[in-house]
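Following: one structure in structure tokens, then a few remarks.
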Amino acid sequence: MTKAKITRRAALLSGAAMGAASCASAPKMTPYVAVSEASGGVFAHGVASGDPAATSVVLWTRITPVTRAAIANVAWEVAADESFTDIIAKGETQTGLSRDWTVKALAEALSPGMTYFYRFRLGGDVSPTGRTKTLPDGAIDQARFAVMSCSNYPFGYFNVYDLVARHDDLDAVIHLGDYIYEYSREGYGGDQGRALDREHEPPHEIISLADYRRRHAQYKADPASQAMHAKHPLIAIWDDHETSNDSWSGGAENHDPATEGSWDARRRAALQAYYEWMPVREPDMAPEAFFRSFSYGDLLTVAALETRLMARARQFEYSEVIPTLQTPEDVAHFRDVILWDESREMLGAAQLDYLDRTFRNSVAKGQPWRLIANQVIMAKVTAPDLNPHVEEAQIVELEQQWNEARAFVKMSALGLPLNFDAWDGYPAARERFYDLAREANAGGMIVVTGDTHTWWANDLVDKNGGHMGVELGTHSVTSPSPYRKEFLGGMGAEYALLTNRDNKDVRFLSGEYHGFIDLTITREGARAEYKAVDTIEGGAYNAFTHAAFDIAREDGDARFKDMDGAGFKDRYLFDR
Ligand SMILES: [Fe+2]
């Protein structure tokens, strides 16, 4: 078996900063040293705000109790100025052991589109000052977001959070999930955690309420996380690791009821800790029904999806599917019939109903854009055939990290989806979502996606070839990409190129660096800058723009601008 070689030119391009609107010259690097001082004393977990509305916002902190009292009253205040001379709202909130001493207050009667400052007080102790912003009302020129995901504490320093904290004019931070990870010190990221002295607390995999609370406390004690939260309001959705890897409505890949108890109990514990420790509103319906929307004046609505715990059907796994695919007919049957089973749900009826109302309200307000905060890749991505490119030794090496590796490489020859945990594993549910958007006349759809620790720019296309919008996939705060150069025995960048070349809807794909998407939306268009940091192995880092894309509205539809002209795919030259 000969291994196809990628030309030096293409391999170099994969690691270079490139984008439709960026040039091929070396990116401009800006050096920073991340904040290293965390809050101490009573407010050792910092302050945060989130789930903004036009006249209210959630304020959050946690107190570290010094007495044996069961409850405490924590005062909070919101001001128009940083020196708190102009107090706009104040109140008192009770906390205690029953909610792990976390404090959540809803500041109300605020004005739309305003920046506010807030702080907490317990006796003579005063918290650090946080800054937040309400949703704008009426006519606005632009909205700007930092979009991020996958902040795994042991994998590295949260320099991406630090970089986001240095931005002044964001409307909100959108965190697309995997805000915490559930693994033990021996699990995913364990080696890096030991090397960087960032090992998980508690040391074991988190299962109980006490475990999830301790894990959240560790992440909130991080100084860069505190800086980011203190600076901007958060719009968060969860992905799987806030509960457990590859979770679905009835379980998770990383949950064994025989040794870890019932999934229901674990999910309840995870969500209780999540609602205690995150600056978010709690749903009226079930705790799993964590879908919301945020309206930005006459410009856009952010629809925040829940695709894990409410309705999702169980994922197919490569190792269980492969043995059933003996003939080309088997493959076709799996691809066209089994995968397309109508009962394979992602959003569920209640959420679809909510989205329908949300989209219709947005269209009625004359908003040109719908921004969808989404967990897993929505675009169609077929696995490229890796068999001609990967040698046995590389598979063996990969199996050390990923037990599905052999089945995955074998399956990659069959023209099936790359990732059954993504929307590709639920194509009928994806069409239901597209149909709903089309029927509500909700064009201008920009989907932002986490989960893969990889940069993407994708076209969203329905089963009949209709263009539905664009998808921007963000890299991670720290988690590693399967497309980074050193993956697949040093073939990660080639794997990215193959995936890009073989999927016409994938316009850009890169596993390099870590970072966030700096997304600015105006009436006329949107610009997505993929802002990267060059290292997470220490607090000193360089920041630069890895790629940038412009999005225009054409006949109401969101489309990448000037990307064809950039001749992206022509640059990928393969020796066969
Ligand atoms: Fe992740």
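Residue numbers (the numbering used here): 497 to 1072.
We treat Cβ as the ideally placed atom computed from N, Cα and C, and that holds for glycine.
Query raised in the report: Got a sec: does ligand 1 put a non-hydrogen atom nearer than 7 Å to the Cβ of His-671?
Result: no
**Report entry** Close-in-space but distant-in-sequence residues of the same chain around Thr-449 (CB under 8 Å, 5 per side omitted)
**Finding:** Outside the shown range of the chain, which is 497 to 1072, sits residue 449, and nothing can be said about it.
Report task. Return the CA-CA distance between Asn-857 and Ala-785, expressed in angstroms with no decimal places. Result -> 20 Å
Query raised in the report: Within 7 Å: the Cβ of Ser-743 and any heavy atom of ligand 1?
Result: no
Query raised in the report: At which residues does the alpha helix (DSSP H) containing Val-905 begin and terminate?
Result: 901-907
Query raised in the report: How would you write the range of the alpha helix (DSSP H) that His-712 sits in, first residue to last?
Result: 705-716
**Report entry** Closest residue to Phe-790 among Gly-626, Ser-594, Gln-863, Gly-844 (Cα-Cα distance)
**Finding:** Gln-863
Query raised in the report: Between the segment 715-731 and the segment 530-549, are three or more C-beta pairs nearer than 8 Å?
Result: yes
Report task. Compare the Cα-Cα distances from Gly-537 to each of Val-553, Leu-555, Val-562 and report the closest residue. Result -> Val-562
Query - Whole runs of the alpha helix (DSSP H) within the segment 611-698, excluding any shorter than 4 residues - result: 655-661, 686-692
Query raised in the report: If you drop the 5 nearest sequence neighbours on each side, which residues of the same chain put their C-beta closer than 8 Å to that of Trp-898?
Result: Phe-904
Query raised in the report: Below 8 Å between beta carbons: does that hold for Met-842 and Glu-967?
Result: no
Requested in this report: Going by CA-CA distance only, name the one from Pro-699, Ser-972, His-700, Ala-661 that's closest to Asp-1030.
Outcome: Ser-972
Query raised in the report: In angstroms, rounded to a whole number, what distance separates the CA positions of Ile-584 and Leu-602?
Result: 13 Å
Query raised in the report: Since Trp-773 is in the alpha helix (DSSP H), which residue starts that stretch and which ends it?
Result: 759-773
Query raised in the report: Is Leu-593 helix, strand or coil when you go by DSSP?
Result: helix
Query - Chain-order list of residues whose beta-carbon lies under 8 Å from that of Ala-1036 (same chain, five-residue window excluded) - result: Pro-527, Tyr-528, Val-529, Ala-530
**Report entry** 3-residue-minimum beta strand (DSSP E) runs that sit fully inside the segment 890-947, ordered along the chain
**Finding:** 941-945
Query - For Asn-569: DSSP bridge partner residues - result: Gln-590
Query raised in the report: Quick one, which of Ile-733, Tyr-792, Val-798, Thr-560 has its alpha-carbon nearest Ala-713's?
Result: Thr-560
Report task. Go through its chain and collect everything with a Cβ distance to Tyr-922's Cβ below 6 Å, but skip five positions before and after it. Result -> Arg-840, Met-842
Requested in this report: Count the C-beta pairs between the segment 977-990 and the segment 1012-1019 that are closer than 8 Å, then say yes if the count reaches three, no if not.
Outcome: no
Query raised in the report: Taking just the CA atoms, how far does Tyr-708 sit from Leu-767?
Result: 9 Å
Query raised in the report: Taking 7 Å as the line, does the beta carbon of His-696 fall inside it for any heavy atom of ligand 1?
Result: no
Requested in this report: Just the C-alpha distance for Asp-1058 and Arg-762, rounded to the nearest angstrom, thanks.
Outcome: 48 Å
Requested in this report: Ignore the nearest five residues each way along the sequence and tell me which others in Val-872's own chain have a CB closer than 7 Å to its CB.
Outcome: Thr-803, Asp-917, Ala-918, Trp-919, Thr-945, Asp-947
Query - Which residues DSSP lists as bridging Glu-1050, in chain order - result: Asp-1053
Requested in this report: Give the DSSP-derived three-state secondary structure of Gly-986 in the structure shown.
Outcome: helix
Query raised in the report: Taking Asp-794 as the reference, which of Gly-686, Asp-637, Val-660, Leu-914 has the closest Cα?
Result: Asp-637
Query raised in the report: Sorted by chain position, which residues of the same chain lie with C-beta nearer than 7 Å to Gln-688's C-beta, five sequence neighbours on each side aside?
Result: Pro-650, Phe-651, Gly-652
Query raised in the report: Which of helix, strand or coil does DSSP assign to Ala-520?
Result: Any reading at Ala-520 is ruled out, since the residue's pLDDT is 45, under 50, leaving its predicted position unreliable.
Query raised in the report: Buried or exposed: which applies to Ser-535, given that a residue is buried once 16 or more other Cβ atoms fall within 10 Å of its Cβ?
Result: buried
Query - Terminal residues of the beta strand (DSSP E) in which Phe-1004 lies - result: 1002-1006
Query raised in the report: Quick one: does the C-beta of Asp-1111 sit closer than 7 Å to a heavy atom of ligand 1?
Result: A query on residue 1111 cannot be resolved here, the shown segment of the chain reaching from 497 to 1072 and no further.
Requested in this report: Buried or exposed for Arg-866, please, with buried defined as at least 16 other CB atoms from any protein chain shown within 10 angstroms of its CB.
Outcome: buried
Report task. Flag His-737 as yes when its Cβ comes closer than 7 Å to any non-hydrogen atom of ligand 1, and as no otherwise. Result -> yes
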